[in-house]
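Counting from 337, one number per residue, gives the positions in the sequence shown under our numbering.
Think of the CB as a built atom: it goes at the ideal place given N, C-alpha and C, for glycine as much as any other residue.
Working notes for the structure below.
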Amino acid sequence: MNRFERRLAVDGLELRRAPLETLQLNLGFKCNQACRHCHVDAAPWRTEMMDAPTAVRVSDWIRRHRPGVVDITGGAPEMNPNFRALVQVAVDSGARVMDRNNLTILQEPGFEWLPEFLASRRVEIIASLPCYLEKNVNQQRGNGVFLKSIESLRSLNRLGYGDQLVLNLVYNPLGGTLPPAQAELEADYRDVLWREHQIRFHRLFTLTNQPIARFAADLRSRGCYEEYMELLVSAFNPGTVSGLMCRSTLSVDYQGRLFDCDFNQMLGLPAPAAGGAYLWDLDPARLAGGTVRTAEHCLACTAGCGSSCGGALQQEASSVRQGGAEFASGFKV
Numbered sequence: 337m338n339r340f341e342r343r344l345a346v347d348g349l350e351l352r353r354a355p356l357e358t359l360q361l362n363l364g365f366k367c368n369q370a371c372r373h374c375h376v377d378a379a380p381w382r383t384e385m386m387d388a389p390t391a392v393r394v395s396d397w398i399r400r401h402r403p404g405v406v407d408i409t410g411g412a413p414e415m416n417p418n419f420r421a422l423v424q425v426a427v428d429s430g431a432r433v434m435d436r437n438n439l440t441i442l443q444e445p446g447f448e449w450l451p452e453f454l455a456s457r458r459v460e461i462i463a464s465l466p467c468y469l470e471k472n473v474n475q476q477r478g479n480g481v482f483l484k485s486i487e488s489l490r491s492l493n494r495l496g497y498g499d500q501l502v503l504n505l506v507y508n509p510l511g512g513t514l515p516p517a518q519a520e521l522e523a524d525y526r527d528v529l530w531r532e533h534q535i536r537f538h539r540l541f542t543l544t545n546q547p548i549a550r551f552a553a554d555l556r557s558r559g560c561y562e563e564y565m566e567l568l569v570s571a572f573n574p575g576t577v578s579g580l581m582c583r584s585t586l587s588v589d590y591q592g593r594l595f596d597c598d599f600n601q602m603l604g605l606p607a608p609a610a611g612g613a614y615l616w617d618l619d620p621a622r623l624a625g626g627t628v629r630t631a632e633h634c635l636a637c638t639a640g641c642g643s644s645c646g647g648a649l650q651q652e653a654s655s656v657r658q659g660g661a662e663f664a665s666g667f668k669v
């Protein structure tokens, strides 16, 4: 029994699947960036990408089963040649379609088509912007990333994103701390981005850094891994369990294999409720009530206010440790 399972047991909790709401497609690990916190280890040199035959089979499943939400991620999912076709299939099937966008992809040569394409299909954009300060963004994501991100946000605003088209931003802590309260940080983002850059957006999602892949390696290199895990254990919030994304989301990798979440996918932990099937072999009705595969990294999703693909699971977590000195001393204006 791992530390996450022990915490569930202490509170008499059981993690079971609800009916499927969101199909999350990871189109591969190729990305135009190589961020320090990336749980996918995505980078320009990665070659793992969903191929055309797999994309066709995924498209057929979407047409047949019509999931309510199709959430497209990567890497930079737009770098996959099948991205446009998959978006169109999901839109035509009536799904709410989301693109997890790193913003700088909009500035890359050969991707001039992307903003208009997304806007014309009314695709929701969930954009990574781990801070509203240039120094912090560049430290986490590379020199020049902040200014490119700002220019991309301006171009999206000109197309109606942040107004009639949904544009949400994503914050990750710079280091081994929990995110601050989402509503308060959203207000800070809104104030600074409008005052200094005239940028509009709808919501800010705060995500806890997952202790896997590149971020875990960074923690270990600094001798901070166990300290971070202890923070997550001590900040466990039982009130977040019912809202965990793994209960209603199914994660599909670039080969069509099934996982309870994108984090389990990166660790090679298949979804037990899917019975080892590929997406095209799955009847989604059999997922409800099934078990969810867990490990110690799941503590990141239940710490503090909780963390999911849609941000914090609760507005307040007064009984647990929240935030950290790293944020308080170096980030907030």
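Endpoints, the beta strand (DSSP E) within which residue i is located
i      : result
Tyr507 : 503–507
Asn600 : Taken as a continuous stretch (DSSP letters only), Asn600 belongs to no beta strand (DSSP E), being part of the alpha helix (DSSP H) at 598–603.
Gln360 : 358–362
Asn408 : Residue identity differs from the one stated: residue 408 is Ile in this sequence, not Asn. 405–409 is the span of the beta strand (DSSP E), which, as asked, contains Ile408.
Asn437 : 432–437
Leu586 : 585–588
Nearest-angstrom beta carbon gap, residue j and residue i [assumed within contact, 8 Å]
i      : j      : result
Val588 : Leu615 : 5 Å
Met385 : Leu363 : 7 Å
Ala552 : Ala639 : Contact flag wrong, Cβ pair sits at about 15 Å.
Pro608 : Arg629 : 5 Å
Leu676 : Pro451 : A question about residue 676 goes unanswered here, because the residues of the chain that appear run from 337 up to 669.
Tyr507 : Leu529 : Not a contact, Cβ separation roughly 12 Å.
Val405 : Ala431 : 6 Å
Gly496 : Ala549 : That belief does not hold up - the Cβ atoms of Gly496 and Ala549 are roughly 35 Å apart, past 8 Å.
Asn416 : Ile462 : At roughly 17 Å, the Cβ-Cβ gap does not stay under 8 Å, so Asn416 and Ile462 are not in contact.
Residue i CB to nearest heavy atom of the ligand GTP below 8 Å
i      : result
Asp499 : The ligand GTP is not part of this structure, which contains no ligands at all.
For residue i, the residue or residues it bridges with in DSSP
i      : result
Thr542 : Tyr507
Ser464 : Val506
Phe572 : Ala639
Gly498 : Beta-bridge pairing links Gly498 to no other residue.
Lys366 : Ala379
Gly647 : Ser644
Tyr561 : For Tyr561, which the question treats as bridged, DSSP gives no partner whatsoever.
Residue span of the alpha helix (DSSP H) that contains residue i, given as start and end
i      : result
Asn493 : 481–494
Pro429 : Checking the displayed sequence, the identity of residue 429 turns out to be Ser instead of Pro. Unbroken run through Ser429: none, as it is neither H nor E.
His401 : 388–401
Gln518 : 518–533
Glu341 : 339–346
Ser456 : 450–456
Leu555 : 549–557
Close-in-space but distant-in-sequence residues of the same chain around residue i (CB under 7 Å, 5 per side omitted)
i      : result
Gln443 : Lys484, Glu487, Ser488
Pro620 : Leu356, His401
Leu618 : Leu594, Ala610
Phe599 : His375, Gln546, Ile548, His633
Sequence-distant residues of its chain with Cβ nearer than 8 Å to residue i (five each side left out)
i      : result
Glu341 : Thr630
Glu414 : Asp435, Asn437, Ile441, Phe447, Leu450
Val457 : Reading off the sequence shown, one finds Arg at residue 457, where the question assumed Val. Excluding positions up to five away in sequence, the list reads Val423, Gln424, Val427, Val433.
Leu684 : This structure gives no information on residue 684, because the portion of the chain shown stretches from 337 to 669.
Tyr561 : Pro547, Ala552, Leu555
Val394 : Leu361, Met386, Leu422, Val588, Gly592, Leu615, Trp616
Residues of its chain near residue i, where Cβ-Cβ distance is below 6 Å and the 5 sequence neighbours each way are ignored
i      : result
Asp499 : none
Leu568 : Leu635, Ala636, Ala639
Ser464 : Asn438, Val506
Glu652 : none
Gln518 : Thr542, Gly647, Ala648
Ser429 : Ile398, Arg399, Arg402
Arg382 : Phe365, Lys366
Open item on the list: Under 8 Å, with one C-beta from each stretch per pair, do the segment 343–360 and the segment 573–588 reach the 3-pair mark?
Closed with: yes
Task: Contact the segment 468–476 vs the segment 427–447: 3+ CB pairs below 8 Å - done: no
Task: Contact the segment 620–627 vs the segment 525–544: 3+ CB pairs below 8 Å - done: no
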